[in-house]
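One structure is given below, encoded as structure tokens.
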Amino acid sequence: MGTRILTVEDDERIRTAVRMALEDEGWEVEEADTGEEALQAFTRQPADVVLIDIMLPGIDGFDVCRSIRRVSDVPIVMVTARADTHDVVAGLEAGADDYLTKPFAPKELSARIRALLRRARPTEVGVTHLRFGDLEIVPDEGVVLRAGVELHLTKTEFRLLVELASAPGRIFSRESLLEKIWSYGYFGDGRLVDVHVRRLRMKVELDPANPRHVITVRGLGYKLQP
Amino acid sequence: MNSINPEIRPVQARTRPRRRARIIVPVRRRFGLRTRLTVTFALGAAVLSSLLSAITFGLTRENLTTQRERSAVERAAVDAARIPAQLPDVPTNLEIEQLLRDIPLTDGAAAALSYRGRWFTTNTQSFGSDTVPTSIQSAVDDGEAIKLHAKVNEKSSLILGVPVPALPGGYYEAVPITDLQRTLDRLMLTLFIASLLTTAGGGLVGYWASRRVFAPLLDVGTAAEAIAGGRLDTRLPVGGDSDLDLIANPFNEMAQALEDRIDRDARFASEVSHELRSPLMTIAATVEVLENTRDELPERAQTALSLLAADVDRLQQLVEDLLEISRFDVGAIKLHLEDVRAAEMVIQAVRVLGGGGVPVRFEPEVGEVMVRVDKRRFGRVIANLLDNAERYAGGATAITIERVQELLRVSVEDRGNGVPIEERDIIFDRFSRGAEGGNRSNDSGVGLGLALVDEHVRLHGGRVWVDERFDGEIGARFVVELPIIEPPADSAIETLIEPVNLM
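For the protein sequence lines, the chains are A and B, in the order given.
Residue numbers are given in the UniProt record's numbering: position 190 of the first sequence equals residue 190, and the series is strictly consecutive.
Residue numbers are given in the UniProt record's numbering: position 41 of the second sequence equals residue 41, and the series is strictly consecutive.
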């Protein structure tokens, strides 16, 4: 079965045009025009990538994002009206992996989706087992354990953790993390990294306010403390 | 066109004919209102104090003189009345002189007696018949008491002539009044100084009052300046002084009306751009779908598709620029500031744009210079400048980064025709660009690029301008100047994220 993409968009014309463009990429597209419908469709048959417009009638994009996140680690791309509002941070906090601003070119969307799908595949770290204090990472299986209990990380959070874990103690700049995990260049949005680090901490740290493992190096970036 | 057009025409859409501005022509005066107020106060004080001084002086002199004269007249009368009793019937000269000497006179006073046409005096030098005019003498001889002012012994004196009862002649006394004169002189000096001080005081009061009166007016000026500078929410305080409210209230109403109007215009532009985005998205996506099947289309349709695709790109750029610029207008721009190495950012911007051929030059120490910018927006600044050079001057030739004291300058040079001095400001206006450029068939510029550069740079606390090339050759140099941030050992990486309450 091919890659399935669920698009949630209330404007029928945009939805259709986007569907056609994505189908040209060889993907299977399922459409939903409300949040409720999207959740039903996702429950019926989970997709490989979900594209959510934040501005939806009824339950909004943030809620759809959170609801899906509760049951799945599927990559989510959200569509916002503007890049410099709280919407972006709010959407990322709600569990989105990446975002686009309207109007975007379908080519840009395809590139984002491809980057997310790449992330969803097992990584090639070459190490089978990593251990930091009570944290245990099994890259090949995509599993993270804390004190023997499995943690539910999204694909992006997992990639971020594994990237930091590939060189414990080394400082990763936001730019390099953006490039490695999101395939963005120098001008990528650093908030992607910041919010994902925060989300990661919520899951892997016992006390997220005073992190022991995922450390911020002010002015430089982030590192994983062994 | 490989050059910036020598004629740049700002195009401004006017939806309605402009009403002729009503101008209140001010009366030209040589001095400012404050000077005039100060001078008026000083003059008023001068006139009033002079008048008071004059009256005081006049009354005092009158008073003192009258008093002195009265007592002198009384004494002289007493002295004269005593003469007949002490004088024998036929006195000798010696007896008369003795008599005069015996009269008790005040200090410096002199006495004289005219007896049968002869003059006897205690002061032979200057108090004699010469001192007293003959008309006076004959009046005294005729039984009249006379007083007059004259100089005796170089001293101002009061001369009194009194008829002596039962004697052919008159008795005269000369009383020096220099002390009185001295007193009056002192008084006059004192009054003069007092007048001067009062005048100066009046001037000071005038100056102070004018400042007090003007302080609120200066506030009006400051407020107007602030509004002109774009701070449209500036208002004057109301309710402190009912007189000043007469200015403050209409001023605030004017500011409010202006703000509302500008707000409305900006919001309109913003909403229009917003509304344009959805259909534009559909069109852009559809064009892309068509592009994917381009090979299956007939040749005519392919040509049409190319036209469509190019103009969709252009329209998308325009809408994006319009949105951004309307965000400036409604003040809705939120910068995500980061401290970055300026040189690295410029190099990355050039690389992202695929302008790898444009050399970026800077001294090694400039490589470490930090600036605080919104990377995405500053990337647009560089992109728009390179795009401008590409469009109007055949491409940028070099980018130079230099440090000028606490400022960083990024210069983008080209080999176009340069920009004439008179057009160096308007080139940053919205929708202003070379007339020839506008006619170019494959030109996709929309004339907002440089306006956005200007807005972005100003939002970053910097400025942008056009200059000559470094080497003085023909061409333009667009210079962006930004304040430098001291290299932080400890920059706030996480301040960019504000906590968001999701629930």
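Heads up, the beta-carbon is just placed ideally off N, CA and C, and yes, glycines get one too.
It should be emphasised that the depicted structure is a prediction, and the values quoted were computed from it without experimental measurement.
Asked                                                                                                                                                                                                                  : Found
Measuring CA to CA, which of B:I103, B:R376, B:V78 and B:I427 is closest to E338 (chain B)?                                                                                                                            : B:R376
With distances taken from CA atoms, which of A:L224, A:L178, A:S176 and A:D60 is nearest V8 (chain A)?                                                                                                                 : A:D60
Output, in sequence order along the chain, the residues in the region 353 to 378 of chain B whose CB is closer than 7 Å to any CB in chain A.                                                                          : K375 and R376
Report yes or no: is there a C-beta of chain A within less than 9 Å of the C-beta of H456 (chain B)?                                                                                                                   : no
Of the choices A:P75, A:I14, A:P57 and A:A47, whose alpha-carbon is the least far from that of E30 (chain A)?                                                                                                          : A:A47
Whose CA, out of A:I113, A:G95, A:L145 and A:L135, lies closest to the CA of R70 (chain A)?                                                                                                                            : A:G95
Among the residues of its own chain, which have a CB less than 8 Å from the CB of T40 (chain B), if the five just before and after it don't count?                                                                     : G206
Return the chain-ordered list of same chain residues with a C-beta closer than 7 Å to the C-beta of T38 (chain B), the five sequence neighbours on each side being excluded.                                           : G203, G206, Y207 and S210
Taking Cβ positions only, does N384 (chain B) come closer than 9 Å to chain A?                                                                                                                                         : no
Can you find a C-beta in chain B that's less than 9 Å from the C-beta of A167 (chain A)?                                                                                                                               : no
Would a C-beta distance cut-off of 9 Å place G161 (chain B) and L148 (chain B) closer than the cut-off?                                                                                                                : yes
When you compare only the Cα positions, how much space is there between A90 (chain A) and D97 (chain A)?                                                                                                               : 12 Å
Please determine whether the Cβ atom of R212 (chain B) lies at a distance below 8 Å from any heavy atom of the ligand SAH.                                                                                             : Only the bare structure without any ligand can be found here, which leaves the ligand SAH out of the picture.
If we count the other Cβ atoms within 10 Å of its Cβ and call it buried at 16 or more, is P211 (chain A) buried or exposed?                                                                                            : buried
Applying the 10 Å Cβ sphere with the 16-neighbour rule, what's the burial state of A435 (chain B)?                                                                                                                     : With a pLDDT of 43 at A435 (chain B), under the threshold of 50, the predicted position of this residue should be treated as unreliable, and no value is reported.
Closer than 7 Å, Cβ to Cβ, to anything on chain A: give me those residues from the region 261 to 285 of chain B, in chain order.                                                                                       : R277, S278, L280, M281, T282, A284 and A285
Quick check: the Cα distance between Q316 (chain B) and R82 (chain A), rounded to an integer number of angstroms?                                                                                                      : 15 Å
Quick one, are the C-beta atoms of Y73 (chain A) and D11 (chain A) less than 9 Å apart?                                                                                                                                : First, the amino acid is wrong: residue 73 (chain A) is Asp here, not Tyr. Contact flag unset, no.
Along the alpha helix (DSSP H) that carries G449 (chain B), what are the first and last residues, could you check?                                                                                                     : G449 to L459
Going residue by residue through the UniProt domain "Response regulatory" (4 to 117) of chain A, where are the continuous beta strand (DSSP E) segments of at least 3 residues, counting only ones entirely within it? : 4 to 8, 28 to 32, 49 to 53, 76 to 80 and 98 to 101
Going by beta carbon distance, what residues of the same chain come within less than 6 Å of G2 (chain A), once the five residues before and after it are set aside?                                                    : E28
Starting from the N-terminal side, write out each stretch of the beta strand (DSSP E) that is 3 residues or longer and does not extend beyond the UniProt domain "OmpR/PhoB-type" (127 to 226) of chain A.             : 130 to 132, 135 to 138, 143 to 146, 149 to 151, 214 to 217 and 221 to 224
Take every Cβ of the region 193 to 210 of chain A, pair it with every Cβ of the region 109 to 119 of chain A, and state whether three or more of those distances are shorter than 8 Å.                                 : no
Leaving out the 5 sequence neighbours to the left and right, which residues in its chain are closer than 7 Å to A80 (chain B) when beta-carbon positions are compared?                                                 : V162, V164 and Y171
Along chain A, in chain order, which residues have C-beta atoms closer than 8 Å to that of Q317 (chain B)?                                                                                                             : None at all; the shortest Cβ gap to chain A is about 11 Å.
With distances taken from CA atoms, which of B:S53, B:E95, B:Q348 and B:E473 is nearest T122 (chain B)?                                                                                                                : B:E95
Could you pull the start and end residues of the alpha helix (DSSP H) that L482 (chain B) belongs to?                                                                                                                  : Per DSSP, L482 (chain B) belongs to no alpha helix (DSSP H); it is in the beta strand (DSSP E), R477 to P483.
Quick check on T49 (chain A) - is its C-beta less than 9 Å from some C-beta in chain B?                                                                                                                                : Reading off the sequence shown, one finds Val at residue 49 (chain A), where the question assumed Thr. It does not: the Cβ of V49 (chain A) has no partner Cβ on chain B nearer than 9 Å.
Take the Cβ of Q40 (chain A) as the centre, count every other Cβ of all protein chains shown within 10 Å, and call the residue buried at 16 or more, exposed below.                                                    : exposed
Would you please verify whether the beta carbon of R146 (chain A) is less than 9 Å from any beta carbon of chain B?                                                                                                    : no
So which residues of chain A does N292 (chain B) contact, with C-beta pairs closer than 7 Å?                                                                                                                           : D24
Are the C-beta of L496 (chain B) and some C-beta of chain A separated by less than 9 Å?                                                                                                                                : Because the pLDDT of L496 (chain B) is 37, which lies under 50, any placement of that residue in the model is unreliable, and the question is left without a value.
By the three-class DSSP mapping on this structure, what secondary structure does F362 (chain B) have?                                                                                                                  : strand
Note down, in chain order, each residue of its chain lying with its Cβ closer than 8 Å to the Cβ of L22 (chain A), except the 5 sequence neighbours on either side.                                                    : I5, T7, V29, P106, L109, S110 and I113
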